[in-house]
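> Submitted below is the structure of interest, expressed as structure tokens.
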Amino acid sequence: MSAQPQTVATSQGRVAIEHVHIHLGQGAQAFEALHDVSIHIEPGEFVCILGPSGCGKSTLLGALAGHLWASHGRVTVDGQAVTGPHPDRGLVFQHHTLFAWKKVVDNVAFGLKMQGVGRAERRQRALELLKLVGLDAFAHHYPSQLSGGMQQRVEIARVLINHPRVMLMDEPFGALDAQTRLMMQQLLLEVWERIRTSIVFITHDIDEALFLADRILVMSPRPGRIIEEIALDFPRPRQQELVTTERFTELKRHCLALLHPQHDAQPVPPLPRLTPLGAPPRLQFAI
Ligand SMILES: Nc1ncnc2c1ncn2[C@@H]1O[C@H](COP(=O)(O)OP(=O)(O)OP(=O)(O)O)[C@@H](O)[C@H]1O
Ligand SMILES: [Mg+2]
Numbered sequence: 434m435s436a437q438p439q440t441v442a443t444s445q446g447r448v449a450i451e452h453v454h455i456h457l458g459q460g461a462q463a464f465e466a467l468h469d470v471s472i473h474i475e476p477g478e479f480v481c482i483l484g485p486s487g488c489g490k491s492t493l494l495g496a497l498a499g500h501l502w503a504s505h506g507r508v509t510v511d512g513q514a515v516t517g518p519h520p521d522r523g524l525v526f527q528h529h530t531l532f533a534w535k536k537v538v539d540n541v542a543f544g545l546k547m548q549g550v551g552r553a554e555r556r557q558r559a560l561e562l563l564k565l566v567g568l569d570a571f572a573h574h575y576p577s578q579l580s581g582g583m584q585q586r587v588e589i590a591r592v593l594i595n596h597p598r599v600m601l602m603d604e605p606f607g608a609l610d611a612q613t614r615l616m617m618q619q620l621l622l623e624v625w626e627r628i629r630t631s632i633v634f635i636t637h638d639i640d641e642a643l644f645l646a647d648r649i650l651v652m653s654p655r656p657g658r659i660i661e662e663i664a665l666d667f668p669r670p671r672q673q674e675l676v677t678t679e680r681f682t683e684l685k686r687h688c689l690a691l692l693h694p695q696h697d698a699q700p701v702p703p704l705p706r707l708t709p710l711g712a713p714p715r716l717q718f719a720i
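So for the sequence shown, the numbering used here puts the first residue at 434; every next one is plus one.
The following block contains the structure:
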């Protein structure tokens, strides 16, 4: 019998990143890309990571995917140390990784083929997932016959067919036009409501992070550190109207200030230290 998407246990997908440092480069070029990063993600949680370009977001995702190694610290998923890539941790990039010579349905079914699942069952399960992402009518097309948004929907189905404990998404909608991007965000949330896997989603787009996430983690410039954690209690299912609410705008302003501190603004002179007795005498004339 084929597994229904809803049967995926939400008790899976607990991510623990503990005091992780990652050094990249060789010799004189060696540098610290991540500095003492600790993150805990609950099963089924949707976490977005925001940070300036080059701060180490993809490096962090690479460590979770098992492509990069921590110089110090530990990365575990459901208590198991990450020692290399595994379909349990499915990756979606900005550009799809579909096989050009395989039909959409065979691309989606490929993970099951690797697991030795029979042809009829893997096709049926691939079609179920294609239906979930609204592409069952395109099952027998080739990737090049689809739009960018459709290709990314196939990519998501390709990853989800493995029932990953965690889906790792590195700016998956970054190459799409604004309209398609909004549509994809909505679709991803609908799919995630049905298949409750943990998601680590990297983006530069503050609106996208606020719209999607249960929690946003903001990173500093290199070496990347987590500088702020923002829990979002916007109700689900999320509607587009959310982005015009006062709370959304307020949080957006807060994220903007974290990501773009105003270096060129006039430095604010430090305020004199106040005590219950007032400012110390030597500062009284300095203000
Ligand atoms: N293999 C590598 N060797 C040396 N330096 C690297 C390597 N990969 C990435 N870097 C550098 O490490 C830093 C972190 O890179 P990373 O790609 O993780 O940043 P990012 O936050 O994902 O950036 P972006 O938002 O532009 O995608 C960057 O300064 C990058 O130039
Ligand atoms: Mg990156």
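All C-beta atoms, glycine included, are put in the ideal place defined by N, C-alpha and C.
Got a sec: does ligand 2 put a non-hydrogen atom nearer than 7 Å to the Cβ of residue 490?
Yes - ligand 2 has a heavy atom lying nearer than 7 Å to the Cβ of residue 490.
> Could you tell me the alpha carbon to alpha carbon distance between residue 501 and residue 589, rounded to whole angstroms?
One C-alpha to the other measures close to 22 Å.
> Quick test of your reading: residue 648 and residue 480, contact by CB under 8 Å. State the CB separation rounded to the nearest angstrom.
Indeed they touch by this definition, with Cβ atoms about 5 Å apart.
> Do you know how far the Cα of residue 591 is from the Cα of residue 613?
Their backbone Cα atoms lie some 19 Å apart in a straight line.
> How do the region 625–644 and the region 461–469 stand: do at least 3 beta-carbon pairs fall below 8 Å, yes or no?
Verdict: no, contact absent.
> With a 10 Å radius around its C-beta and 16 neighbouring C-beta atoms as the bar for buried, classify residue 546 as buried or exposed.
Classification for residue 546: exposed.
> DSSP has residue 455 in a bridge; who is on the other side?
Answer is 467, bridged to residue 455.
> With residue 492 and residue 467 assumed to form a contact (beta carbons below 8 Å), what rounded beta-carbon distance in angstroms separates them?
Sure, about 6 Å apart at Cβ, within 8 Å.
> Could you please give the first and the last residue of the uninterrupted alpha helix (DSSP H) stretch that includes residue 592?
From DSSP, the alpha helix (DSSP H) with residue 592 extends over 581–593.
> Do you know offhand how far residue 693's Cα is from residue 660's?
Answer to the nearest angstrom: the Cα atoms are 13 Å apart.
> Please report the Cβ distance between residue 470 and residue 657, rounded to the nearest whole angstrom; I am assuming they are in contact, meaning their Cβ atoms lie under 8 Å.
Going by Cβ atoms, the distance from residue 470 to residue 657 rounds to 7 Å, so yes, they are a contact pair.
> Given that a residue counts as buried once 16 or more other Cβ atoms are within 10 Å of its Cβ, and exposed if not, what is residue 555?
The residue in question, residue 555, is buried, as its Cβ has 16 or more Cβ neighbours within 10 Å.
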